[in-house]
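Q:
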Amino acid sequence: MLRVGVNGYGTIGKRVADAVAAQPDMGLVGVTKASPDYGVEAATRRGYDLYAAVDDRANDFAAAGVDLVGTLGDLLGAVDVIVDCAPSGVGERNASVYEAHDTPAVFQGGEDASVAEASFNARGAFEAARGAETVRVVSCNTTALSRLLAPLDETYGIEKARVTLVRRGGDPSETDRGPINDIVPDPATVPSHHGPDVNEVLPDVTVDTAALRAPVTGMHTHSVNVTLETEPDSNEVRDLLAGESRIFLVPAAAGIDGAGALKEYAADAGRPRGDLWENCVWEESVSVAGRDLYLFQNVHQEADVVPENVDAIRAMATDVDAAESIERTNETLGVGLDSRLGDGELTQAELTADD
Ligand code: NAD
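All residue numbers for the sequence shown refer to my numbering, where the first residue is 144 and numbers rise by one.
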């Protein structure tokens with residue numbers, strides 16, 4: 144049984160904590176909080192032991208009537224792996240603390256690749272993390288691009304991928320983020336950091352990315368164009384992507400027209416917090432012109448890296464192989480949406496005729 148701690152109980156940390164707690168081969172020792180705010184309630188309702196992320200703030204918890212088991216140092220002494228889910232940049236500052244306690248650490252995609260020995264995506268680079276003391280799970284966008292480009296490269300070969308990322312302005316809880324009435328090139332220079340980050344896990348794939356920020360909180364949207372080395376058939380591409388366990392091919396017949404409906408679909412399916420752990424590829428967007436493939440995919444930024452964190456822990460600290468780890472994680476969390484609405488044009492045509 145692997146003993147795991149989570150340092151930083153925010154958007155990603157609370158989801159990673161639940162995912163770790165659901166694994167039969169892992170035990171969640173506890174989570175840290177930086178302040179005694181509403182997140183404390185979520186953790187204590189779930190029975191998670193609480194630790195102070197910052198030593199000299201422990202008194203704030205006592206003043207708020209919140210019982211702590213200890214501080215970050217105590218947690219680090221009690222775990223086999225710590226998962227850092229602190230805000231971007233804070234993870235890098237925490238790295239020396241983990242090293243001082245000789246505690247292997249998983250970092251998140253807000254940190255530079257140099258924070259860890261290996262960048263990780265279960266589909267693209269599982270073995271890179273094998274036995275490493277420090278691993279970085281790449282960002283939500285990079286995770287989604289790696290999951291998409293890895294099977295395309297294996298099957299057809301990628302000559303060049305070009306991706307425009309329309310990024311959510313902030314997460315739903317981030318009331319101070321924006322824009323609120325604009326679409327902002329971010330960065331205005333091309334390429335954005337996402338392409339080079341994909342190359343941290345898929346070094347041989349040529350990919351250019353451009354990014355904008357939009358006034359939405361639900362999901363990112365990627366407009367993808369991949370020039371393949373061999374000519375694909377659009378139905379075969381759909382089958383290929385449908386066969387990927389962390390890609391959900393959104394059926395044309397489902398009437399799901401955007402992130403709002405996707406999130407509602409996930410909530411109706413009973414997903415915790417309405418989370419979508421899978422890339423959501425719009426089935427009818429998959430189009431082919433010669434060797435050029437086009438598609439749209441949506442990415443739930445709060446959720447897609449969560450199963451990857453679980454697999455990263457196994458890759459670092461066990462000898463379980465990629466396929467077995469991915470299957471275990473998928474099964475325990477329930478990753479893999481399987482729409483009851485059939486596949487594609489025939490069903491869609493029938494529905495249209497019934498209208
Ligand atoms: P967040 O702000 O929601 O959560 C961070 C938590 O860490 C907060 O609860 C904060 O109070 C706490 N914290 C503050 N200082 C701390 C410290 N010194 N030690 C420990 N905890 C501290 O941030 P997030 O969105 O969960 O992002 C965490 C990491 O995950 C970042 O690297 C981010 O880039 C990455 N990430 C975020 C998303 C996303 O869309 N939210 C997606 C993928 C990856």
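Note that CB positions come from ideal geometry on N, CA and C, so glycine has one too. Treat the numbers as computed from the prediction; the structure is a model and nothing was measured.
For Arg434, tell me which candidate among Asp203, Leu145 and Ser377 has the shortest Cα-Cα distance.
A: Ser377
Q: If we ignore side chains and look at the alpha-carbon of each, how far apart do Leu436 and Glu407 end up?
A: 29 angstroms
Q: Among Leu193, Ser231 and Arg273, which residue has its Cα nearest to the Cα of Leu219?
A: Leu193
Q: Classify Ile390 as buried or exposed, calling it buried when 16 or more other Cβ atoms lie within 10 Å of its own Cβ.
A: buried
Q: By how many angstroms is the C-alpha of Pro230 removed from the C-alpha of His244?
A: 21 angstroms
Q: According to the neighbour-count rule (16 or more other Cβ atoms, all chains shown, within 10 Å of its Cβ), is Arg188 buried or exposed?
A: exposed
Q: Which residue spans inside the region 179–267 form an unbroken alpha helix (DSSP H) run of at least 4?
A: 182–188, 201–206, 215–221 and 233–243, all fully within the region 179–267.
Q: Pick helix, strand or coil for Asn324, following the three-state DSSP scheme.
A: In this structure, DSSP gives Asn324 a state outside helix and strand, which the three-state scheme calls coil.
Q: Assuming Thr370 contacts Glu302 under a Cβ cut-off of 8 angstroms, what Cβ separation, rounded to an integer in Å, is found between them?
A: 4 angstroms
Q: Apply the 10 Å Cβ neighbour rule to Ala412 and answer buried if 16 or more other Cβ atoms are within range, or exposed otherwise.
A: Answer is exposed; the Cβ neighbour count stays below 16.
Q: Cα separation between Asn441 and Val344?
A: 20 angstroms
Q: When the distance is taken between beta carbons, is Thr285 closer than 8 angstroms to Leu259?
A: According to the sequence shown, residue 259 is Ala rather than Leu. Cβ atoms of Ala259 and Thr285: not closer than 8 angstroms.
Q: Where does Ala496 fall in DSSP's three states?
A: For Ala496, the predicted structure reports a pLDDT of 41, less than 50, and the residue's modelled location is therefore unreliable. A value from the coordinates is still provided. Helix.
Q: Using 8 angstroms as the Cβ pair cut-off and three pairs as the minimum, do the region 322–330 and the region 266–273 touch?
A: no
Q: Threshold first: 3 residues or longer. Then list the beta strand (DSSP E) segments lying entirely within the region 362–387, N to C.
A: 363–371
Q: Is Tyr181 buried or exposed, if buried means 16 or more other CB atoms sit within 10 Å of its CB?
A: exposed
Q: Taking its Cβ as the centre, do 16 or more other Cβ atoms sit within 10 Å of Arg483, making it buried, or is it exposed?
A: exposed
Q: I need the DSSP call for Glu407, collapsed to helix, strand or coil.
A: helix
Q: Against chain D, does Glu254 count as a neighbour if the rule is that its beta carbon must be under 8 angstroms from one of theirs?
A: Going by chain labels, chain D is absent from the structure shown, which holds only one protein chain.
Q: Here's the rule: buried if 16 or more other CB atoms are within 10 angstroms of the residue's CB, otherwise exposed. What is Glu421?
A: buried
Q: Who are the Cβ neighbours of Ala402 in its own chain at under 6 angstroms, not counting the five residues just before and after it?
A: Leaving aside the five residues that flank Ala402 on each side, the residues in its chain whose CB is nearer than 6 angstroms to its CB run, in chain order, Gly361, Met362 and Asn441.
Q: With a threshold of 16 other CB atoms inside 10 Å of the CB of Thr144, please say whether the residue is buried or exposed.
A: For the record, residue 144 in the displayed sequence is Met; it is not Thr. It is exposed - the Cβ of Met144 has fewer than 16 other Cβ atoms within 10 Å.
Q: Rounded to the nearest angstrom, what separates Leu291 and Val281 at their Cα positions?
A: 14 angstroms
Q: Below 8 angstroms on the Cβ atoms is my guess for Ala195 versus Ala186; work out the distance and round it to an integer in Å.
A: That pair is no contact at about 13 angstroms.
Q: Give me, in chain order, the residues of the same chain whose beta-carbon lies closer than 6 angstroms to that of Asp400; leave out the 5 immediate sequence neighbours on both sides.
A: none
Q: Can you tell me the Cα-Cα spacing of Val367 and Phe439, whole angstroms?
A: 6 angstroms
Q: Run the proximity test for Glu235: is its beta-carbon closer than 7 angstroms to any non-hydrogen atom belonging to ligand 1?
A: no
Q: Classify Asp210: buried if its beta carbon has 16 or more other beta carbons within 10 angstroms, exposed otherwise.
A: Answer is exposed; the Cβ neighbour count stays below 16.
Q: Which residues bound the alpha helix (DSSP H) around Arg457?
A: Val449 to Ala460
Q: Taking the CB atoms as reference points, tell me whether Leu308 and His337 lie closer together than 8 angstroms.
A: yes
Q: Compute every distance between the C-beta of Val442 and the non-hydrogen atoms of ligand 1, then say whether any falls below 7 angstroms.
A: For Val442, the distance from the CB to the nearest heavy atom of ligand 1 is not below 7 angstroms.
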